[in-house]
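K.L.:
In the numbering used here, the protein residues as written are 84 to 685. Ideal placement from N, C-alpha and C gives every residue a C-beta, glycine not left out. Predicted, not measured: the structure shown is a model, and the values here were computed from it. Input: one structure, supplied below.
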C-alpha cells in the first residue's frame, strides 16, 4: 500500500481476495510482517513490527532468546516461510507468556504475585479470558482461594486449561454420555479424563475452582459452566435472523410483564406453525375421519371405502381435488389458537419445573404435556365437531352443500362441546406422550455440538407422533362417533361409556382402531411440520426474554476470531474484515497503536 493515505482499486481487490481464503487470519498476520512483500519474513521485519505493538511496549520481549534463535537461526539471518511463520506465531504467544512470568519472577523462585498474574493474563493472555473470567476471577481479590503467590506449574496449567477447553468439553460429554445438563463431580470427570493424556489433575482442580467461583457449583459442573470459561466462542447463527431483540439484559430482570410478553410471543409463532402444519396434512385428516365414521354394514346413499387409499381415490373421483380440503377454512381458524395454546402451555409449564441447569424430570415433562393437551380442548372441540361434519357431508350422494356457519348455528354454544370428554380422553394422553418423546428424540438427533438441523427437528417431531397418535386412536374413534350426525338406521350414542359399549358389541374391538394408520400418517407429519416451523420461527425472529430457549437452536463453535457485528453494506471478504483485524490482537497479541486520519481537504 502506498504511504499517501489512499488505497488503489487493485489493492482493494487484493485485500478482498486475502479475506476470502480459509486461513485469512494467519495470511493477514504474515503479510503484516512481510513488509517488503517477498513472501518471506526476516528477523528484522519481525522485530520492527513487534516493537511497535502495545504489548511489547508494556512487556518487552527478549529478542535474543533461544526461542527466537531457533526460528531465525543463531545469526538471525534465516528467512521464515508462511507455513513456518504460522507455527512461529502460535508458539511465540505461548513463549511470550513464559517470558512474562520470568520477568515478574525476578528472584527466580518459581512464584509470582497475584497482581503480576493478573497483569500477565490481562495483557499477554487476554484473548483466553471470557467476560465471566475477567469479572469474577481475574479481577476478584484474593485469587486463587486467598493464595498470595502463583506458582509456575499453576500458571502453565491455568493457561493450558483455557487453551484446551474444547477437549475439556469432550471429556465432560464422555462422562455424561452426551447429556449436557447432567452434573459431574471432580472424581467422575477425572475418571473420564484418563483417556486424555493432555489433561492433568492440576488442570481439573483449576477447572472446578473456576466453575465454583463463577457459578457456585459446589463441586458439580454442567456443560454450560464450561461455556462460561471457554475462550473465543460465540453463538453461531446457523439460521440468519430476520429480527433480533433483547428484552432483558439478564434473567434476574424477568418480570411478570416480560413473562406475559414471552407467552404472547410463543402463542403468535405457535399459531403460524399450527396453520402451516394443518394445511400440509389436511387431506390425510379428511381420509382418516371418513374411515373412522364408516360403520360396519351398508346403508343407502353411503359410500363404502375398502381402505384409506380407496377412500382417497373416491373423494377425488366424486368431489374433485378440492374435496380433499373440505372444511379447511374453519380448521385453520381453529387450529391456530389450538396449536398455539398447546405449544405455549407446554413451554410455560416446562419452564416452571426446569432447574437452573436446564434439567427437567420425566414426570414434569409428562405433566407439562398433559396440561397442554387439556388446555387445547377449549379450542379443539368446537373446531373438531364443525370440521368432522363438513368432512363427512360429501359422503351422502346428492346431499346439499353444508357450510361451517350453518353447522355452528345448528349446534349452538353447548352443542359445540359435544364429545368434549372424549376429546380430553384423546388430547391429554396424546400430548403427555408426544412432548416428552419429542424432547428426548430431538436430543438424540442433535450433533456433537448440541445443535439440531431443521431436518432432525422434522424427523423428531414425526417419530414422536407415531406412538402418541396410535395409542390414542380408540379415544379418537369414540370422539368421532359422538360428534357426527347419525343417519337413518345408524346407532346413536349418549356418551363416552355408551359409545364404547355399543361399538364393541356391534363391531368388535377392531373398530376402535379404524383409521389408526391414517391417523399416524396425519399426526406424525403434522406435528413434525408444526414443531420444525415453531422452532425455526424462534430462530428467525429471535427475542431474548431471559428465559429458556429451544434446545439445539444455537450452535457453540470455536473460532479464532471474535464475532463482530456485520454491516449491511459489507459483502464478500469484507464481512470478516473487522473480525480478522480484531483476531490479530486477541490471538497473537499484535495490538498496534491506533490513529485517526483527518478527512482530506477537497
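Measuring alpha carbon to alpha carbon, tell me which of 352, 507, 467 ends up nearest residue 430.
P.N.:
Measuring from the Cα of residue 430, the nearest candidate turns out to be 352.
K.L.:
Check this for me: beta carbons of residue 337 and residue 628, under 8 Å apart or not?
P.N.:
Cβ atoms of residue 337 and residue 628: closer than 8 Å.
K.L.:
Helix, strand or coil for residue 232, going by three-state DSSP, please let me know.
P.N.:
Strand, per DSSP.
K.L.:
How do the stretch 536–555 and the stretch 507–516 stand: do at least 3 beta-carbon pairs fall below 8 Å, yes or no?
P.N.:
Touching, yes, given that three or more Cβ pairs across the two stretches are closer than 8 Å.
K.L.:
In chain order, what residues of the same chain have a beta carbon less than 7 Å from the beta carbon of residue 466, not counting five sequence neighbours either side?
P.N.:
These residues qualify, in order along the chain: 413, 414, 417, 418, 421.
K.L.:
Work out the CA separation of residue 171 and residue 321 for me, nearest whole Å.
P.N.:
Confidence at residue 321 is low in this model, with a pLDDT of 48, below 50, so its placement is unreliable and no value can be given for it.
K.L.:
Could you check whether the Cβ of residue 556 sits closer than 7 Å to any heavy atom belonging to the ligand ZN?
P.N.:
For the structure depicted, the ligand ZN is absent and the ligand set is empty, with no information on it obtainable.
K.L.:
Could you give the C-beta distance for residue 563 and residue 376, rounded to a whole number, given that I count them as a contact under 8 Å?
P.N.:
Right, the Cβ-Cβ distance comes to about 6 Å (below 8 Å), so this counts as a contact.
K.L.:
Under 7 Å Cβ to Cβ from residue 626, same chain only, skipping five residues before and after it: list those, please.
P.N.:
If we look at residue 626 and ignore the five residues flanking it on each side, its Cβ neighbours are 328, 330, 348.
K.L.:
In the DSSP assignment, what are the bridge partners of residue 628?
P.N.:
According to DSSP, which records beta bridges pairwise, residue 628 is partnered with nothing at all.
K.L.:
Measuring CB to CB, does residue 395 end up less than 8 Å from residue 364?
P.N.:
The answer is no: Cβ separation not under 8 Å.
K.L.:
Write down every uninterrupted run of the alpha helix (DSSP H) in the stretch 169–226 whose length is 4 residues or greater and which is fully enclosed by it, in chain order.
P.N.:
The qualifying runs are 197–206.
K.L.:
For residue 254 versus residue 282, is the C-beta distance shorter than 8 Å?
P.N.:
In this structure, residue 282 lies closer than 8 Å to residue 254 by Cβ.
K.L.:
Taking only the alpha-carbon atoms, compute the straight-line gap between residue 404 and residue 398 and give it to the nearest angstrom.
P.N.:
The straight-line gap from Cα to Cα measures roughly 8 Å.
K.L.:
With a CB to CB cut of under 6 Å and the five nearest residues on each side skipped, what residues in its chain are close to residue 595?
P.N.:
Cβ neighbours of residue 595 beyond the five flanking positions: 557, 560.
K.L.:
Mapping DSSP to helix, strand and coil, what is residue 304?
P.N.:
The answer is strand: DSSP assigns residue 304 an E or B state.
K.L.:
Can you give me the C-alpha to C-alpha distance between residue 535 and residue 521, rounded to a whole angstrom?
P.N.:
Going from the Cα of residue 535 to the Cα of residue 521 covers about 12 Å.
K.L.:
Given this structure, state the Cα-to-Cα distance separating residue 165 from residue 198, to the nearest angstrom.
P.N.:
Taking the straight line from one Cα to the other gives about 37 Å.
K.L.:
Apart from the five residues on each side of it in sequence, which residues of its chain come closer than 6 Å, Cβ to Cβ, to residue 487?
P.N.:
Excluding sequence neighbours, residue 487 sits near 413, 469.
K.L.:
Based on DSSP bridge pairs, tell me the residues matched to residue 268.
P.N.:
303.
K.L.:
My output table needs one value for residue 328: the three-state DSSP class, helix, strand or coil.
P.N.:
Strand, per DSSP.
K.L.:
Does the beta-carbon distance from residue 154 to residue 200 come in below 8 Å?
P.N.:
In this structure, residue 200 does not lie closer than 8 Å to residue 154 by Cβ.
K.L.:
Hey, would you say residue 208 sits closer than 8 Å to residue 180, going by beta carbons?
P.N.:
Yes; because the gap between Cβ atoms is below 8 Å, this pair is in contact.
K.L.:
CA-CA distance, residue 167 and residue 235?
P.N.:
Whole-angstrom Cα-Cα distance: 28 Å.
K.L.:
Take the Cβ of residue 294 as the centre, count every other Cβ of all protein chains shown within 10 Å, and call the residue buried at 16 or more, exposed below.
P.N.:
Counting Cβ neighbours within 10 Å, residue 294 comes out buried, since at least 16 surround it.
K.L.:
Would you give the residue range spanned by the alpha helix (DSSP H) that residue 392 belongs to?
P.N.:
Start and end: 391–402.
K.L.:
Under 8 Å, do residue 436 and residue 517 count as touching if we go by C-beta distance?
P.N.:
No, the pair does not count as a contact, with Cβ atoms beyond the cut-off.
K.L.:
With DSSP as the reference, please indicate the residues paired to residue 124 in a beta bridge.
P.N.:
163.
K.L.:
For residue 321, which of helix, strand or coil comes out of DSSP?
P.N.:
Residue placement at residue 321 cannot be trusted, given a pLDDT of 48 that sits under 50; what the coordinates show is reported in the next sentence. Residue 321 falls in the coil class under three-state DSSP.
K.L.:
Considering just the uninterrupted stretch of the alpha helix (DSSP H) at residue 73, what are its terminal residues?
P.N.:
Residue 73 lies beyond the range of the chain shown here (84 to 685); nothing can be said about it.
K.L.:
Around the Cβ of residue 95, are there at least 16 other Cβ atoms within 10 angstroms (buried) or fewer (exposed)?
P.N.:
So residue 95 counts as exposed.
K.L.:
Could you tell me the distance, in whole angstroms, from the CA atom of residue 700 to the CA atom of residue 204?
P.N.:
What the structure shows of the chain is the stretch from 84 to 685, and residue 700 is not part of that stretch, so it cannot be assessed.
K.L.:
Under the rule that 16 or more other beta-carbon atoms within 10 Å means buried, what is residue 506, buried or exposed?
P.N.:
Label assigned to residue 506: buried.
K.L.:
Taking C-alpha atoms, which residue in 592, 252, 357, 129 lies nearest to residue 163?
P.N.:
The shortest C-alpha separation from residue 163 is found at 129.
K.L.:
Tell me where the alpha helix (DSSP H) around residue 531 begins and ends.
P.N.:
Unbroken run through residue 531: none, as it is neither H nor E.
K.L.:
If distances are taken between C-alpha atoms only, which option among 389, 462, 608, 438 comes closest to residue 424?
P.N.:
Checked all of 389, 462, 608, 438; the closest Cα to residue 424 is 462.
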